[in-house]
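Chains A and B are the protein sequences, given in the same order. Following our numbering, the numbering of the first sequence begins with 1 at its first residue and continues without gaps. Following our numbering, the numbering of the second sequence begins with 1001 at its first residue and continues without gaps. By construction, the Cβ of each residue, glycine as well, lies at the ideal position given by its N, Cα and C atoms.
Number of protein chains: 2
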Amino acid sequence: MAKTAIDEKQQQLARYAKALGHPIRVAIMNFLAEQDTCFFGEIHEILPIAKATASQHLKELKEAGLIQGEIVPPKVKYCINRDSWQEAKNLFSEFFGKCQCSKNGCCE
Amino acid sequence: MAKTAIDEKQQQLARYAKALGHPIRVAIMNFLAEQDTCFFGEIHEILPIAKATASQHLKELKEAGLIQGEIVPPKVKYCINRDSWQEAKNLFSEFFGKCQCSKNGCCE
DNA sequence: AAATCTGTTCGTAAAATTACGAACAACATT
DNA sequence: AATGTTGTTCGTAATTTTACGAACAGATTT
């Protein structure tokens, strides 16, 4: 009954996954990924939700580390956080590399 | 003010991400990925949570499509769902391929 | 048939998530 | 100084998530 502690990698992967676990936030990330400029207003413009809600979603993405905000008065510029993006990319890549289903008798 | 509808791909990515948005569920997927046999009992054994909670997490992973369960009386055998796993892998891969941060003036 | 093993479902409670309008703060313009 | 623009924060409400023990159901063993 050796209860495996959840390790830091799993925690971090879950944190990123949770941040991406809402369609609006995925849409935001997709939008940021293909933009050079990325002010709040432009982001809000493409989203079918209220300003306050958009701000809230951006806050969560920021807290997960996936994006960062910069104040450029009187606007706010958002962008993808390179380092975290890379880390998330690596974590997910490793994660999905773990199951070679074809050689796994369990998946059939 | 063209409100971009959230498309099906974003929805599906978010669905998978949400399912992976909890450390316990990441641990379950990791465990399943490296096992040939995968009965409920073995899964529960490695998790620091109650039986009922483990069952609940498995149910969510199943509803997201990431795993499937098979009754092998008197046990229940769980395994990764190959097709969904591959779909998720592809969706995340495409997603993380979207930002070439180095060429993006926004991320600096 | 009674007891056992296996895992799900039920009922419940606490906490977190999602969404909105209104109020607010910071800065620029008039 | 008054006004306008931009985006966050506040307060609130409805829903969902997470977790647990207890009760249950299916199958096997005694």
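At least one C-beta of chain A is nearer than 8 Å to the C-beta of B/I1006. By the beta-carbon neighbour count (other beta carbons within 10 angstroms, threshold 16), A/Q10 is buried. Excluding five sequence positions before and after B/L1032, the CB atoms of its chain that fall closer than 7 Å to its own CB belong to C1038, I1067, Y1078, C1079, I1080, given in chain order.
Comparing alpha carbon positions, the residue from B/P1074, B/A1064, B/E1070, B/V1072 closest to B/D1083 is B/A1064. Taken in chain order, the members of the region 6-22 of chain A whose beta-carbon sits within less than 7 Å of a beta-carbon on chain B are I6, Q10, Q11, L13, A14, A17, K18, L20, G21, H22. Between A/L47 and B/L1013, the CB-CB gap reaches or exceeds 8 Å. The distance from the Cβ of A/V72 to that of A/F40 is about 10 Å, inconsistent with a contact at the 8 Å cut-off. A/A27 reaches chain B at T1004, I1006, Q1010, counting residues in chain order whose Cβ is nearer than 8 Å. Around B/I1043, no beta-carbon contact reaches into chain A at under 7 Å, the shortest distance being about 10 Å.
A Cβ-Cβ distance of about 7 Å is found for the pair A/I6 and B/I1024, placing them in contact under the 8 Å criterion. Less than 8 Å separates the beta-carbon of B/I1043 from that of B/A1054.
Closest in alpha carbon position to B/A1088, among A/E8, A/A17, A/T4, is A/A17.
Put simply, the backbone Cα of B/L1061 is about 26 Å away from that of A/Q86. According to the DSSP assignment, A/K77 belongs to the beta strand (DSSP E) that extends over 75-80. One thing to note: A/F96 has its Cβ within 8 Å of the Cβ of B/F1092.
The beta carbon of B/K1051 sits no closer than 8 Å to any beta carbon of chain A.
In the structure shown, B/E1070 adopts extended strand secondary structure according to DSSP, grouped into three states. Under the 8 Å criterion on CB atoms, A/A54 is classed as non-interfacial with respect to chain B. Residue nearest to A/N30 within the set B/Q1035, B/V1026, B/T1004 is B/T1004 (criterion: CA-CA distance).
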